[in-house]
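Here the structure is laid out as structure tokens; the discussion comes afterwards.
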Amino acid sequence: MFNFKAHQKIFDIGDVKIGGLPGVNPTVMIGSIFYKNDPLITSKKRGSFDRDAAHDLINDVEEISRKTGLPFMLDVVCSVDEAVEDYLAWAADSTNAPILLDAVSNEAALRGLEYVEEQKLLERTVFNSLNKATPETIYDKIKEVGLESAIILTYSNTAVTSSSQRVELLRPLIKKAESVGISKPLVDTFVMDVPTLGLASKALQIVKDKYGLPVGYGAHNAIGSWTTLKKQGNQIIGTACATIVNALPAVLGADFIIYGPLKSASYIFPAVSVVDTAFGQLVIEEGGKLDTLHPRFKLSASIGKNEYLTDNEKIQDEIDEIRFAIKTHNSVNARTATERAITKGISPVTVIEEGITRELRRIGEAYERGGIWFTDLVSAAETVRAAMEIIEPEIETRDERIKSLGTYLIGTVHGDIHDIGKNIVTMLLRANGFRVIDLGVNVSTSEFVEAVREHEPDILGMSALLTTTLKELRKVVEALEREGLRDKVKIIIGGAATSSELADELSVDAYAENALDGVKIAIELMEKSNESYSTSDP
148 MFNFKAHQKI FDIGDVKIGG LPGVNPTVMI GSIFYKNDPL ITSKKRGSFD
198 RDAAHDLIND VEEISRKTGL PFMLDVVCSV DEAVEDYLAW AADSTNAPIL
248 LDAVSNEAAL RGLEYVEEQK LLERTVFNSL NKATPETIYD KIKEVGLESA
298 IILTYSNTAV TSSSQRVELL RPLIKKAESV GISKPLVDTF VMDVPTLGLA
348 SKALQIVKDK YGLPVGYGAH NAIGSWTTLK KQGNQIIGTA CATIVNALPA
398 VLGADFIIYG PLKSASYIFP AVSVVDTAFG QLVIEEGGKL DTLHPRFKLS
448 ASIGKNEYLT DNEKIQDEID EIRFAIKTHN SVNARTATER AITKGISPVT
498 VIEEGITREL RRIGEAYERG GIWFTDLVSA AETVRAAMEI IEPEIETRDE
548 RIKSLGTYLI GTVHGDIHDI GKNIVTMLLR ANGFRVIDLG VNVSTSEFVE
598 AVREHEPDIL GMSALLTTTL KELRKVVEAL EREGLRDKVK IIIGGAATSS
648 ELADELSVDA YAENALDGVK IAIELMEKSN ESYSTSDP
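Once you know that position 230 of the sequence shown is 377 in my numbering, the rest is easy, because the numbers rise by one and skip nothing.
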């Protein structure tokens, strides 16, 4: 989706990766604390602040960062010269996140730089910021202490109304920063108000294309400078506008967003993680790999304790590798891990029962409680198909048998070529121990009848998504009755065009509202069938 000329650089700042092609690494969220009029500050003169409230705020942001998969940096606004060391010491003790040294005066900047060197915080400190007006004393101090990272702000009076001026400012600023040892520059394309959002956004993409550096901007400035919005005092409108404004740079491929007050994380992080999730899926489609902490795997479970992918996945053997490949939708890894397992002498049945089946069951459970997306079900099915292409020939060669709950014949009726729902049902049925025979899509009445006669399934599942194909369901049921096969098989219907009323009308055994419902019904039918068989057995 994004095609930049320059190689996209990735920097490690503390424990955070920043930069690269959009979607590969999560957008880094930068929230500010101790800014002017921050309610945490109890004395503007001395710079004292409510430490308990500040700690609670940091804890809240770290939790939402973990849940959404968006890393964060803490922008420490050193608004009181005498409090610089206190602010930075508190920040360093309160979080492991990278710290932005955001000094509002030259004295504060110099004191802050000396402090981070003394306390050995240089590796996770970013100077905010270097611009056209930065004095030589600051550059000299940066070189003296050995700081590696700084934000370069593309600000000048002429740049206010020009995106091209923002970019032109950058070359000499980068050269100057590099001359004092800044090897990890981040670029802020400068937002002053709502109109400048467009200019900063255009400059953002030019910078990525021309320099490949991590780039973003202070989106919150557009809201903070909007006087009439503040006067209106409508919290809902204000929150909505702030959310949209902060999601904008993410949509355009920003590597970081300075989103304003730290406390705004509760509604801004989820919005940005939606964008990252969408771009993350594109990375997967193009064959890329994502960390399991990426928003693509975290967002669905961001509210409540629904995590499917945990923070500490342990890969101990080939079975674990197969399961992990299914989790992360990596068909290539699923295939290679399966091949290695077979080569090492692991039984194909063991691979299915201990690897694939167990993981698919977990996926179904995660989806049911809202821990993953429907797309994850589809992707898991495709990944499993890659593994099964290796396993199935091995099973036939070795004549091994898989424990089966029953045989399930499934297909989409004639005239309908939709197969997503059917494939999900097939995947979940296999995960729950069924032997599944998938006839595919656009299956004719005669094909259904012949398959029932040949395979003698316990259950026949038919899917119909289009209302125009409902008559095909009736044809199959009537044909089975004529052939004397109807009483030998249970029938479940499903798909968008079907309903419980239609099931009653056709005199079939059940209607499944969705894939998970269909699996539960199939299990219940088999349990009832087994109970009936047991009681009638002499």
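Every residue gets a Cβ at the ideal spot worked out from N, C-alpha and C, and that includes glycine.
Since the model is a prediction, treat every value here as computed from it, not as a measurement.
For F426, the uninterrupted alpha helix (DSSP H) run begins and ends at 412-432, by DSSP. Closest in C-alpha terms to L524, from the list V223, L440, K569, L317, comes K569.
In the three-state scheme derived from DSSP, where H, G and I count as helix and E and B as strand, L575 is classed as helix.
Collapsing the DSSP output to three states places G400 in coil. DSSP places R213 in the helix class (H, G or I) of the three-state scheme.
For the pair V341 and G365, the CB atoms are not nearer than the 7 Å cut-off.
Under DSSP, A659 forms a beta bridge with G641. Of the other Cβ atoms in all chains shown, 16 or more fall within 10 Å of the Cβ of A669; this residue is therefore buried. In the structure shown, the three-state DSSP call for I329 is coil.
Straight across, the Cα-Cα distance linking R193 with C225 is about 12 Å.
Beta-bridge partners assigned by DSSP to C225: A250. Secondary structure at G407: strand, using DSSP grouped into helix, strand and coil.
The distance from the Cβ of L320 to that of I299 is about 5 Å, consistent with a contact at the 8 Å cut-off. In this structure, I564 places its C-beta atom within 7 Å of the C-beta atom of N589. Counting along the chain, G178 sits inside the beta strand (DSSP E) bounded by residues 175-180.
Residue A255 holds the alpha-carbon nearest to the alpha-carbon of T284 among S303, K622, A255. In this structure, DSSP gives P282 a state outside helix and strand, which the three-state scheme calls coil.
In its chain, beyond the 5 residues on either side, F151, A153, H154, Q155, K156 have a beta carbon closer than 7 Å to the beta carbon of G359. For D523, the enclosing alpha helix (DSSP H) stretches over residues 521-545. With a cut-off of 8 Å on Cβ pairs, the stretch 218-234 is not in contact with the stretch 422-430, counting fewer than three such pairs. R313 carries a helical assignment under DSSP once its states are collapsed to helix, strand and coil. Residues of the same chain with a CB within less than 7 Å of the CB of V208, apart from the 5 flanking positions on each side, are G178, F219, L409, A412 in chain order. Counting along the chain, A297 sits inside the beta strand (DSSP E) bounded by residues 296-300. Annotation for S303: no alpha helix (DSSP H) segment contains it, and DSSP assigns it neither H nor E. For I383, the secondary structure class from DSSP, reduced to helix, strand or coil, is helix.
In the structure shown, S195 adopts extended strand secondary structure according to DSSP, grouped into three states. Taking D656 as reference, the option from E261, L429, L268, G608 with the minimal CA-CA separation is G608.
Of the residues I639, E465, D438, L575, the one whose Cα lies closest to the Cα of P173 is D438. At least 7 Å separates the beta-carbon of V392 from that of I415. Between T485 and A528, the CB-CB gap reaches or exceeds 7 Å. Boundaries of the alpha helix (DSSP H) harbouring T485: 478-490, taken from the DSSP string. Closest option to R505, judged by alpha-carbon separation, among L333, V263, K474, L317: K474.
Bounds of the alpha helix (DSSP H) holding I466 are 465-474.
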